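This report refers to the structure that appears directly beneath it.
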Amino acid sequence: MSIGCTSSLRFSSNLSSSQFSTSSSLHNNFQNIQFLRNNRTDNEIPSTILPDSIPTSFQGLASYYGNQFHGRMTSNGEIFDQTRFTAAHRSLPFGTFLLVTNLKNNASVVVRINDRGPFKMERVLDLSHAAAEELDMLREGVQEVTVKVIE
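Put into structure tokens, the structure is as follows:
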């Protein structure tokens, strides 16, 4: 089977990180998910049902996108916005929500998968700048995290 991409389709969202609380509490993260659900546009790819073969949690190294990726198209057709809580994973379905926790400081954030990567094999996620900032990992650049699939 062959899958092609076209530059004429673009997906975007009117959501920004300023619409979210800066608190890393689990309660606020779940409120953020509900906000995302309620404010989806018709152009957004809906979340997908996870097959049984996809892990419900995992651990590994996470990094974050550099500024040069802001405004570029992601693998699912959205324009990457570093101020939104998004992430790249090699195989999880687009639209999957993850609870990501920094093991160094226990800070957590909910992100939505909208891209493919990371391309360094020792890493499990590439996070947006906003998500990395919420996890307080900007200085380190790469941090050990636990990841739980929540939707």
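Using the working numbering, read the sequence shown as starting at 0 and increasing by one per residue.
Ideal Cβ placement from N, Cα and C applies to all residues, glycine included.
Fair warning: this is a prediction, and the values are worked out from it, not measured in the lab.
Subject >> Residue from Pro54, Ser56, Leu60 with nearest C-alpha to proline 117 >> reply: The residue you call residue 117 lines up with position 118 of the sequence shown. Among Pro54, Ser56, Leu60, the Cα nearest to that of proline 117 belongs to Leu60.
Original post:
When the Cα atoms are used, what is the spatial distance from arginine 138 to aspartate 80?
Top reply: The residue labelled residue 138 in the question sits at position 139 within the sequence shown. The residue labelled residue 80 in the question sits at position 81 within the sequence shown. So the alpha carbons of these two residues sit roughly 20 Å apart.
Original post:
Can you round the beta-carbon distance between serine 62 and aspartate 125 to whole angstroms, since I take them to be within the 8 Å contact cut?
Top reply: Locating residue 62 in the sequence shown gives position 63, where the first residue counts as 1. Locating residue 125 in the sequence shown gives position 126, where the first residue counts as 1. Yes, serine 62 and aspartate 125 are in contact; Cβ-Cβ is about 6 Å, under 8 Å.
Subject >> Chain-order list of residues whose beta-carbon lies under 7 Å from that of phenylalanine 57 (same chain, five-residue window excluded) >> reply: The residue given as residue 57 occupies position 58 in the sequence shown. The answer, listed in chain order, is Val123, Val146.
Original post:
With respect to the beta strand (DSSP E) encompassing glutamate 143, which residues constitute its N-terminal and C-terminal limits?
Top reply: As a working mapping, residue 143 is identified with position 144 in the sequence shown. Where glutamate 143 is concerned, the enclosing beta strand (DSSP E) stretches over 141-148.
Subject >> Which listed residue (Gly76, Met136, Ala87, Ile78) has its alpha carbon closest to that of phenylalanine 96 >> reply: Here residue 96 refers to the residue found at position 97 of the sequence shown. Among Gly76, Met136, Ala87, Ile78, the Cα nearest to that of phenylalanine 96 is on Ala87.
Original post:
Where DSSP assigns a beta bridge to alanine 129, which residues make up the other side?
Top reply: Locating residue 129 in the sequence shown gives position 130, where the first residue counts as 1. Alanine 129 pairs with nothing; no bridge assigned.
**OP:** Decide if methionine 120 is buried, meaning its Cβ has at least 16 other Cβ atoms within 10 Å, or exposed.
**Re:** Locating residue 120 in the sequence shown gives position 121, counting from the first residue. Its Cβ having fewer than 16 others within 10 Å, methionine 120 is exposed.
**OP:** May I ask you to report which of helix, strand or coil DSSP gives glutamine 67?
**Re:** Here residue 67 refers to the residue found at position 68 of the sequence shown. If DSSP states are grouped into helix, strand and coil, glutamine 67 belongs with the helices.
Original post:
For threonine 85 versus valine 108, is the C-beta distance shorter than 7 Å?
Top reply: Stepping through the sequence shown from its first residue, residue 85 is reached at position 86. Stepping through the sequence shown from its first residue, residue 108 is reached at position 109. It is not a contact, given that the beta carbons lie outside the stated cut-off.
**OP:** Would you list the residues sitting across from glutamine 58 in a DSSP beta bridge?
**Re:** Here residue 58 is taken as the residue at index 59 of the sequence shown, counted from 1. According to DSSP, glutamine 58 bridges with Thr145.
Subject >> Separation of methionine 72 from glutamate 133, as counted between CA atoms >> reply: By 1-based counting over the sequence shown, the position of residue 133 is 134. By 1-based counting over the sequence shown, the position of residue 72 is 73. Roughly 23 Å separates the two Cα atoms.
Original post:
Quick one, which of Asn104, Asn101, Val141 has its alpha-carbon nearest glycine 65's?
Top reply: Position 66 of the sequence shown, counting from 1, holds the residue named residue 65. Taking only the C-alpha atoms, the option nearest glycine 65 is Val141.
Original post:
Taking DSSP as the reference, what is the three-state secondary structure of alanine 106?
Top reply: For the purposes of this step, residue 106 is taken as the residue at position 107 of the sequence shown. In this structure, alanine 106 counts as coil in the three-state DSSP scheme.
Subject >> Pair within 7 Å by beta-carbon distance, leucine 102 and glutamate 143 >> reply: Here residue 102 refers to the residue found at position 103 when the sequence shown is read from its first residue. Here residue 143 refers to the residue found at position 144 when the sequence shown is read from its first residue. Taking C-beta atoms as the reference points, leucine 102 and glutamate 143 count as a pair closer than 7 Å.
Subject >> Residue burial classification, serine 127 (beta-carbon count within 10 angstroms, cutoff 16) >> reply: Working through the sequence shown from its first residue, we reach residue 127 at position 128. Buried, since its Cβ has 16 or more Cβ neighbours within 10 Å.
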